[in-house]
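Residue numbers (the numbering used here), protein chains in the order written: chain A, 139 to 451; chain B, 45 to 179; chain C, 2 to 566. Heads up: the structure comes next, in structure tokens.
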Amino acid sequence: MGLVEDMLKGDKRALSRVITLVENNSQNCEEILSKLYPHTGNSQIIGVTGPPGSGKSTLINHLVREFVRKGYKVGVLAIDPSSEFTGGALLGDRIRMLEVSLDSNVFIRSMGTRGTLGGISRKTKEVVRVLEAFGKDKIIIETIGAGQSDIEITRTAHTVIVVLTPETGDDVQVLKAGIMEIGDIYVVNKADIGNAEFMVEEIKALIASKSSNVSKEWTAPVIKASAKKKEGIRELVEQVEKHWNYLKVSGEINKLEERRVKNEVVDTLNRKISNYLLSKLESEFGKEIFDEILKRKESPYSVVNRLIKKFLC
Amino acid sequence: MMAEKIRVLLAKPGLDGHDRGIKVVARALRDSGMEVIYLGIRNTPEQIVETAIQEDVDVIGLSILSGSHMYHFPRILQLLKERKAEDIVVIGGGIIPQEDKEKLEKMGVKAIFGPGTSTQEIIKKIKELIGNKKN
Amino acid sequence: MCRGINLFNSKKIDEMKKSIDKWEKTTLEESLKLKSERKKEFFTSSNIVVKRVYTPLDIANKDYLKEIGLPGEYPFTRGIHATMYRARIWTMRQFAGFGTAEQTNKRFKYLLQHGETGLSVAFDFPTLCGYDSDDLMSKGEVGACGVAVDTLKDMEILFEGIPLNKVTTSMTINGPAATIWSMYIVTAEKQGAKKEELGGTIQNDILKEYMAQKSFIFPPEPSLKLVVDTIEYASKYLPKWNPISISGYHIREAGANAVQELAFTLADGLTYVEATLERGLKVDDFAPRLSFFFACHNNFFEEIAKFRAARRIWAREMKERFQAKKKRSLWLRFHTQTSGCTLTAQQPYNNIVRVAIQALAAVLGGTQSLHTNSMDEALSLPTEFAVRIALRTQQIIAHESGVTDTIDPLGGSYYVEWLTDKMEEECYKYFDKIDKLGGVVEGIKRGFFQKEIANSAHKYQEGIDKGEIIVVGVNGYATEELMPVPIFRIEPEVEKKQIERLKRVKMERNSKKVEEAIDQLKKAAEKEENLMPYIINAVKEYATLGEITKALKEIYGEYHELLIY
Ligand SMILES: Nc1nc2c(ncn2[C@@H]2O[C@H](COP(=O)(O)OP(=O)(O)OP(=O)(O)O)[C@@H](O)[C@H]2O)c(=O)[nH]1
Ligand SMILES: [Mg+2]
Numbered sequence: 139m140g141l142v143e144d145m146l147k148g149d150k151r152a153l154s155r156v157i158t159l160v161e162n163n164s165q166n167c168e169e170i171l172s173k174l175y176p177h178t179g180n181s182q183i184i185g186v187t188g189p190p191g192s193g194k195s196t197l198i199n200h201l202v203r204e205f206v207r208k209g210y211k212v213g214v215l216a217i218d219p220s221s222e223f224t225g226g227a228l229l230g231d232r233i234r235m236l237e238v239s240l241d242s243n244v245f246i247r248s249m250g251t252r253g254t255l256g257g258i259s260r261k262t263k264e265v266v267r268v269l270e271a272f273g274k275d276k277i278i279i280e281t282i283g284a285g286q287s288d289i290e291i292t293r294t295a296h297t298v299i300v301v302l303t304p305e306t307g308d309d310v311q312v313l314k315a316g317i318m319e320i321g322d323i324y325v326v327n328k329a330d331i332g333n334a335e336f337m338v339e340e341i342k343a344l345i346a347s348k349s350s351n352v353s354k355e356w357t358a359p360v361i362k363a364s365a366k367k368k369e370g371i372r373e374l375v376e377q378v379e380k381h382w383n384y385l386k387v388s389g390e391i392n393k394l395e396e397r398r399v400k401n402e403v404v405d406t407l408n409r410k411i412s413n414y415l416l417s418k419l420e421s422e423f424g425k426e427i428f429d430e431i432l433k434r435k436e437s438p439y440s441v442v443n444r445l446i447k448k449f450l451c
Numbered sequence: 045m046m047a048e049k050i051r052v053l054l055a056k057p058g059l060d061g062h063d064r065g066i067k068v069v070a071r072a073l074r075d076s077g078m079e080v081i082y083l084g085i086r087n088t089p090e091q092i093v094e095t096a097i098q099e100d101v102d103v104i105g106l107s108i109l110s111g112s113h114m115y116h117f118p119r120i121l122q123l124l125k126e127r128k129a130e131d132i133v134v135i136g137g138g139i140i141p142q143e144d145k146e147k148l149e150k151m152g153v154k155a156i157f158g159p160g161t162s163t164q165e166i167i168k169k170i171k172e173l174i175g176n177k178k179n
Numbered sequence: 002m003c004r005g006i007n008l009f010n011s012k013k014i015d016e017m018k019k020s021i022d023k024w025e026k027t028t029l030e031e032s033l034k035l036k037s038e039r040k041k042e043f044f045t046s047s048n049i050v051v052k053r054v055y056t057p058l059d060i061a062n063k064d065y066l067k068e069i070g071l072p073g074e075y076p077f078t079r080g081i082h083a084t085m086y087r088a089r090i091w092t093m094r095q096f097a098g099f100g101t102a103e104q105t106n107k108r109f110k111y112l113l114q115h116g117e118t119g120l121s122v123a124f125d126f127p128t129l130c131g132y133d134s135d136d137l138m139s140k141g142e143v144g145a146c147g148v149a150v151d152t153l154k155d156m157e158i159l160f161e162g163i164p165l166n167k168v169t170t171s172m173t174i175n176g177p178a179a180t181i182w183s184m185y186i187v188t189a190e191k192q193g194a195k196k197e198e199l200g201g202t203i204q205n206d207i208l209k210e211y212m213a214q215k216s217f218i219f220p221p222e223p224s225l226k227l228v229v230d231t232i233e234y235a236s237k238y239l240p241k242w243n244p245i246s247i248s249g250y251h252i253r254e255a256g257a258n259a260v261q262e263l264a265f266t267l268a269d270g271l272t273y274v275e276a277t278l279e280r281g282l283k284v285d286d287f288a289p290r291l292s293f294f295f296a297c298h299n300n301f302f303e304e305i306a307k308f309r310a311a312r313r314i315w316a317r318e319m320k321e322r323f324q325a326k327k328k329r330s331l332w333l334r335f336h337t338q339t340s341g342c343t344l345t346a347q348q349p350y351n352n353i354v355r356v357a358i359q360a361l362a363a364v365l366g367g368t369q370s371l372h373t374n375s376m377d378e379a380l381s382l383p384t385e386f387a388v389r390i391a392l393r394t395q396q397i398i399a400h401e402s403g404v405t406d407t408i409d410p411l412g413g414s415y416y417v418e419w420l421t422d423k424m425e426e427e428c429y430k431y432f433d434k435i436d437k438l439g440g441v442v443e444g445i446k447r448g449f450f451q452k453e454i455a456n457s458a459h460k461y462q463e464g465i466d467k468g469e470i471i472v473v474g475v476n477g478y479a480t481e482e483l484m485p486v487p488i489f490r491i492e493p494e495v496e497k498k499q500i501e502r503l504k505r506v507k508m509e510r511n512s513k514k515v516e517e518a519i520d521q522l523k524k525a526a527e528k529e530e531n532l533m534p535y536i537i538n539a540v541k542e543y544a545t546l547g548e549i550t551k552a553l554k555e556i557y558g559e560y561h562e563l564l565i566y
């Protein structure tokens with residue numbers, strides 16, 4: 139088990155290997171994560187979400203460059219959808235980040251969703267932990283930008299950046315959908331090709347109308363940007379830093395971290411217990427049990443309750 | 045349980061922009077269930093090797109039609125060695141004369157596909173090279 | 002399109018209809034009973050369904066004079082000249098260029114001695130992408146696929162002893178076309194030639210680079226502006242020069258089918274015309290110098306129909322859309338190259354046959370010039386022997402086959418006329434789609450063309466993998482026999498020598514003057530002036546290609562490809 143030690147010493151290849159082991163849910167996955175856990179908890183986790191093609195990867199490239207300039211160590215997880223049918227995936231986000239990918243303080247990893255729904259999976263969360271342990275100051279997650287299902291990102295990221303473009307402007311539905319409730323920072327990208335001003339005002343108005351019922355001290359800023367022309371990047375970096383500062387000063391970070399840890403426990407519990415009980419189900423009751431339910435001699439509830447009584451109480 | 049996936053990095057080193065072949069291969073590999081990290085055209089050997097390491101790929105697939113294969117393949121093999129990542133399998137495709145093909149295979153390129161190779165053949169070869177532990 | 006019966010009398014047509022009905026029920030049906038056909042449906046490479054047999058019925062409603070016409074007359078379906086190959090055989094122009102400028106120069110002299118009538122220069126990849134030979138990006142590619150040109154010095158060596166007012170030169174260069182052309186012009190002037198004497202072509206078709214070949218440098222808009230600069234400059238000072246060769250070749254080689262090649266290429270052409278008109282030029286002042294470059298693949302009749310349709314569509318658009326008046330403005334003059342991607346590494350001698358079929362189609366399609374590929378191109382750079390056979394193939398068609406004795410011998414073929422119409426129809430469907438997208442540049446930005454081409458390439462490969470498409474020697478009739486093709490090699494010293502020369506040039510030039518020239522160029526670029534005079538200035542001072550390109554990148558930015566598989 140030299141891998142974890144090598145990784146903690148800063149070996150990139152070892153880090154990469156560990157990520158693979160975690161991603162593949164290999165036998166020693168839990169052991170690895172347990173060893174790494176003490177080293178986690180010091181990074182700002184930044185989620186970047188928004189519709190496909192809105193410029194997330196291009197913006198991340200700039201964001202990373204600025205972070206590195208400030209002396210931070212940066213990790214990026216870029217997630218693309220896997221095919222439901224074949225499980226294969228074409229992972230193409232990092233092609234937009236080539237400029238920064240050679241920097242020794244940068245580590246970029248592409249992941250397929252591998253069958254999980256939603257913007258980010260359990261495996262993503264675990265890989266984030268690995269990057270934290272590796273000592274990345276900033277960890278950026280690019281989601282697949284699937285709209286509503288991106289609510290998941292708020293459970294992991296401290297700072298969520300929502301990237302929209304004037305092109306999505308017409309689509310008020312997008313705005314009303316969940317995506318408008320999850321952002322800590324909004325970016326209207328591609329300002330070079332569309333009426334970004336209008337879009338910025340519209341989003342500001344929406345935020346204002348929402349914030350009345352949420353008594354938060356943070357009002358999400360809306361930034362006009364052009365990743366292509368490198369405009370608005372400074373401001374974005376500033377706001378990301380400001381938000382991190384806000385979280386720490388207000389103590390909000392503790393709440394977020396507590397929620398995150400709780401989530402991890404609950405997720406793990408759910409998964410392990412259900413796996414455990416499922417493995418007992420057939421050996422205990424035989425395959426006929428489903429027949430019994432079909433014939434209405436049993437109900438799903440009675441079966442599960444019997445299981446719990448037998449194995450957990 | 046999640047299945048392990050064969051991860052492949054596809055890239056064109058150098059400057060030639062003929063990406064018809066590599067794109068067809070990218071699609072075929074994906075459709076066969078692999079995860080393909082696609083780097084596109086105009087990559088330096090350094091970029092390719094660094095990416096291969098960060099992405100922990102099993103295979104690097106290079107497409108070269110510009111005649112620069114005797115520079116790019118050896119350079120990439122050398123960089124992999126320097127990074128202690130020789131276990132990453134390097135394969136390639138393009139217009140590569142038999143004589144060079146043999147030389148490159150001796151240096152450690154695991155397979156070279158000429159024009160007209162079917163995508164099934166490439167998929168089969170990759171699976172063979174990576175072994176049956178995956179997919 | 003015209004309805005009704007134009008070409009035949011209606012009584013005869015009725016008779017034919019009856020006969021065909023009867024034939025279907027008797028002769029054909031009996032045949033089919035004995036043996037069914039090989040496939041349920043037959044397709045051209047562009048997925049056009051091919052009927053069992055074509056008859057006068059298929060062309061009965063054509064208006065001959067309006068839609069087909071006579072050679073040398075609108076709409077030029079049958080050819081742009083009244084005499085075609087009866088007066089002059091096409092130009093046999095073999096693409097060449099490898100290693101250093103000296104080696105290429107020698108090769109040129111060899112080709113001129115062997116009866117070639119025009120020169121053609123291929124540049125190496127660093128040159129094509131605007132990098133100097135000593136750039137990090139150039140490593141391993143200097144002189145590998147063509148000649149390396151860093152400065153005026155290389156151009157001077159390349160054409161040493163070749164009088165540039167006597168030959169015509171075709172240069173395959175796109176992104177850095179303005180710079181390379183400037184070097185050529187300065188070289189010629191140093192030889193004592195006058196600008197207005199110079200004849201030749203620069204490819205200079207940047208739009209297709211974004212679609213297919215990918216040797217772009219700047220984003221589409223400033224690139225298009227640079228193209229218009231060269232067109233404007235040529236129309237003023239080099240009236241015999243073709244400032245652009247609007248190219249379908251690379252689109253096709255990247256995987257497009259014949260219809261896509263036709264439609265995308267012509268759409269590019271129309272875009273250049275529009276952009277040049279916007280600059281304020283008059284259509285008849287530049288349109289006569291626009292030329293085209295197509296591929297020719299194996300599907301014999303489809304290729305011929307493609308060329309015929311291309312001529313007709315272009316003439317119509319120039320006349321009706323742009324109100325061109327000069328006959329020459331309506332001409333679609335084109336160069337053809339046989340298809341590199343149809344050549345196989347397996348059983349390479351078979352490629353001689355493929356090239357012959359494709360070359361014949363190009364000639365029957367009325368090409369103005371022709372490059373025939375060498376049989377060993379799927380293996381390596383061509384050897385002299387292979388190049389010679391390729392050239393001989395053209396000569397055999399020209400002098401032995403008799404196809405040059407009459408103009409457009411396939412005109413009037415029921416099938417070819419029908420297919421010509423069909424290609425045209427499909428082409429206009431694409432025009433509509435492109436218009437809806439907001440034009441070619443917008444389509445490029447959205448990846449429309451890239452996606453279309455990738456899909457066709459994918460489909461073709463699938464066809465081969467499934468055995469629906471048979472490629473002889475590859476997935477059919479494959480034999481293990483390895484025919485040894487001698488391989489031509491580039492010496493590894495080429496790169497070193499080239500870099501040394503570049504160093505020397507940089508040492509010997511007046512670096513202050515270079516700086517000034519580059520500075521002026523940048524200022525002009527910001528002001529949207531025509532850049533040609535400024536580039537020529539910089540080139541004269543031996544500014545390098547890389548320096549000029551970098552300066553322009555600072556103003557225009559750099560283009561990165563869209564991700565489309
Ligand atoms: N005009 C313009 N184009 C941009 C801008 N930002 C990104 N793009 C282009 O938009 C396209 C998509 O950019 P990406 O960064 O890949 O977008 P993404 O959101 O990561 O896309 P997915 O990962 O596919 O969802 C690319 O062609 C970019 O060059 C911008 O500010 N202006
Ligand atoms: Mg992306």
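Note that CB positions come from ideal geometry on N, CA and C, so glycine has one too.
Straight-line Cα distance separating residue j from residue i
i      : j      : result
C:A357 : C:D422 : 26 Å
C:E142 : A:A271 : 42 Å
B:E94  : B:S76  : 25 Å
B:E99  : A:M235 : 13 Å
C:E562 : A:Y414 : 49 Å
A:E161 : C:G131 : 42 Å
A:S437 : A:I431 : 5 Å
C:S171 : B:G137 : 30 Å
A:K147 : A:N180 : 17 Å
Supposed close pair residue i, residue j - CB separation, criterion 8 Å
i      : j      : result
C:I218 : C:E559 : 7 Å
B:I92  : B:I120 : 6 Å
A:I217 : A:T292 : Wrong, their Cβ atoms sit about 15 Å apart, outside the cutoff.
Interface flag, residue i vs chain A, CB-CB below 7 Å
i      : result
C:L564 : yes
B:I167 : no
Short CB-CB distance (under 7 Å) between residue i and chain C
i      : result
B:S76  : no
A:V230 : The question names Val, yet the displayed sequence has Gly at residue 230 of chain A. It does: the Cβ of A:G230 has a partner Cβ on chain C nearer than 7 Å.
B:Q164 : yes
B:G84  : yes
The alpha helix (DSSP H) enclosing residue i, as first and last residue numbers
i      : result
A:E222 : From DSSP, A:E222 is part of no alpha helix (DSSP H); its letter is neither H nor E.
A:G140 : G140 to L146
First and last residue of the uninterrupted beta strand (DSSP E) at residue i
i      : result
A:D218 : V212 to D218
C:G444 : No beta strand (DSSP E) contains C:G444, which is instead part of the alpha helix (DSSP H) from V441 to K446.
A:V265 : Where A:V265 is concerned, there is no enclosing beta strand (DSSP E), although the alpha helix (DSSP H) it sits in stretches over R260 to F272.
C:A276 : Not the beta strand (DSSP E): C:A276 falls in the alpha helix (DSSP H), residues A259 to R280.
### Query
What are the complete alpha helix (DSSP H) segments, minimum 4 residues, inside the region 527-554 of chain C?
533-541
### Task
Just list the alpha helix (DSSP H) runs in the region 304-386 of chain C, keeping only unbroken ones of 4 residues or longer that don't cross its boundaries, in chain order.
328-331 and 351-365
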